[in-house]
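These notes are about the structure you will find just below.
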Amino acid sequence: WVSVSGSYYHSCAIDNTSSVQCWGTDDHGRATPPTGAFQSVSVGIGHSCGIDATGRVQCWGSNTWGQASPPDGIFSSVSTGDNHTCGIDESGSVQCWGFDYYGQASPPEGTFQSVSSGWYHTCGIDSSNRLICWGGDWYGPSTPPEETFQSVSAGYEHTCAIDSAGRVHCWGNDWDGQASPPDGTFVGVSAGVYHTCGIDPAGSIRCWGSDTYGQVSAPDAIFQAVGAGGYHTCGIDLAGSLECWGRNTSGECDVPEM
6 WVSVSGSYYH SCAIDNTSSV QCWGTDDHGR ATPPTGAFQS VSVGIGHSCG IDATGRVQCW
66 GSNTWGQASP PDGIFSSVST GDNHTCGIDE SGSVQCWGFD YYGQASPPEG TFQSVSSGWY
126 HTCGIDSSNR LICWGGDWYG PSTPPEETFQ SVSAGYEHTC AIDSAGRVHC WGNDWDGQAS
186 PPDGTFVGVS AGVYHTCGID PAGSIRCWGS DTYGQVSAPD AIFQAVGAGG YHTCGIDLAG
246 SLECWGRNTS GECDVPEM
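Quick note: the sequence shown uses this note's numbering, first residue 6, plus one each step.
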């Protein structure tokens with residue numbers, strides 16, 4: 006497995022043939038990806054999107070608000086939220102589509118390196134490594150600290166990002182400790198709903214926040230990627246094996262056999 010993304014009731018990943026495979030709830034076809042080769046995949050609540058081998062965005066699943074109807078053009082990255090999606094086009098501009106009641110699909114102008122769509126907010130790192138967020142801001146998920154950052158992950162009502170020194174900063178809703186990261190340095194971070202997980206330089210997954218279903222209790226292994234979903238988490242270990250843990254009421258942890 007190459008990459009993985011999880012949400013509330015389904016998960017998707019790219020295998021070593023560049024195909025997208027999804028599992029879990031398949032309402033509206035959210036877990037039925039198109040065929041073909043993909044570079045990346047991102048899972049939202051009721052829809053999923055990926056960038057295919059030609060650089061174009063393809064989406065599948067619920068399209069009530071147009072969240073699964075991407076614009077034409079070439080994109081370098083894509084991130085799905087609740088009912089909206091954002092991506093970075095070949096000029097470095099962020100384009101968003103779908104539900105925009107809180108302004109989460111109305112990105113600012115400028116050139117961006119990365120973008121992450123949360124439930125009702127979106128955050129991106131611009132060309133100066135400055136973190137900019139837009140959309141709903143109750144609990145403060147769209148009010149980042151004034152630091153320079155190298156990566157960002159927008160969750161439900163909180164956001165986490167890794168600064169230039171490798172430390173994780175989180176802000177927003179912290180009722181379950183999901184915005185209270187541990188000390189130390191990290192090479193990756195993924196914000197879920199009420200929990201967050203990161204990978205430290207040794208390859209260990211460290212998680213914090215709600216552990217109601219065991220979603221914070223990561224296995225003891227060396228990992229290269231992690232994706233925090235609603236109440237479950239998935240990770241790819243150093244050998245390329247994919248493992249998920251936490252709630253599995255809809256099969257969101259049932260990784261298909263290769």
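Glycine is no exception: its CB is placed at the ideal position from the N, C-alpha and C atoms.
Quantities reported herein were computed from a predicted structural model and do not represent experimental measurements.
By Cβ distance, which residues of its chain are closer than 6 Å to residue i, with the 5 residues on each side in sequence left out?
i, result
"residue 14", "29, 30, 255, 257"
"residue 120", "84, 91, 93, 99, 129"
"residue 118", "130"
"residue 78", "94"
"residue 198", "161, 235"
"residue 33", "51, 66, 67"
From the DSSP output, in three-state form, read off residue i for me.
i, result
"residue 34", "helix"
"residue 8", "strand"
"residue 258", "coil"
"residue 143", "coil"
"residue 162", "coil"
"residue 151", "coil"
"residue 40", "coil"
"residue 131", "strand"
"residue 210", "strand"
"residue 16", "strand"
"residue 241", "strand"
"residue 45", "strand"
"residue 172", "strand"
"residue 69", "coil"
"residue 221", "coil"
"residue 59", "coil"
"residue 190", "strand"
"residue 234", "coil"
"residue 196", "strand"
"residue 22", "coil"
"residue 50", "coil"
"residue 182", "coil"
"residue 227", "coil"
"residue 246", "coil"
"residue 156", "strand"
If residue i and residue j are in contact, beta carbons under 8 Å, what's the gap, nearest whole angstrom?
i, j, result
"residue 196", "residue 210", "Going by Cβ atoms, the distance from residue 196 to residue 210 rounds to 14 Å, so no, they are not a contact pair."
"residue 251", "residue 220", "3 Å"
"residue 183", "residue 213", "7 Å"
"residue 159", "residue 122", "6 Å"
Considering only residues of the same chain and omitting the five flanking positions on each side of residue i, which have a CB-CB separation below 8 Å?
i, result
"residue 23", "7, 42, 43, 44, 58"
"residue 243", "208, 226, 227, 228, 229"
"residue 169", "134, 152, 153, 154, 155"
Could you check whether residue j and residue i sit closer than 8 Å to each other, using their CB atoms as the reference points?
i, j, result
"residue 17", "residue 46", "yes"
"residue 70", "residue 108", "no"
"residue 67", "residue 51", "yes"
"residue 154", "residue 171", "no"
"residue 215", "residue 259", "no"
"residue 95", "residue 124", "no"
"residue 80", "residue 60", "yes"
"residue 49", "residue 238", "no"
"residue 141", "residue 147", "yes"
"residue 193", "residue 203", "yes"
"residue 151", "residue 174", "no"
"residue 101", "residue 112", "yes"
"residue 53", "residue 64", "yes"
"residue 189", "residue 179", "no"
In chain order, what residues of the same chain lie with their CB nearer than 7 Å to the CB of residue i, ignoring the 5 residues before and after it?
i, result
"residue 265", "Outside the modelled stretch of the chain, which goes from 6 to 263, sits residue 265, for which no answer is possible."
"residue 136", "128, 130, 149, 154, 157, 166"
"residue 247", "6, 9, 18, 239, 241, 260"
"residue 105", "89, 111"
"residue 86", "49, 109, 122, 123, 124, 127"
> For the stretch 76-138, which segments carrying the beta strand (DSSP E) assignment without a break, of at least 3 residues, lie completely within its bounds, in sequence order?
Replying inline: Within the stretch 76-138, the complete beta strand (DSSP E) runs of at least 3 residues are 80-85, 89-94, 99-103, 117-122, 126-131.
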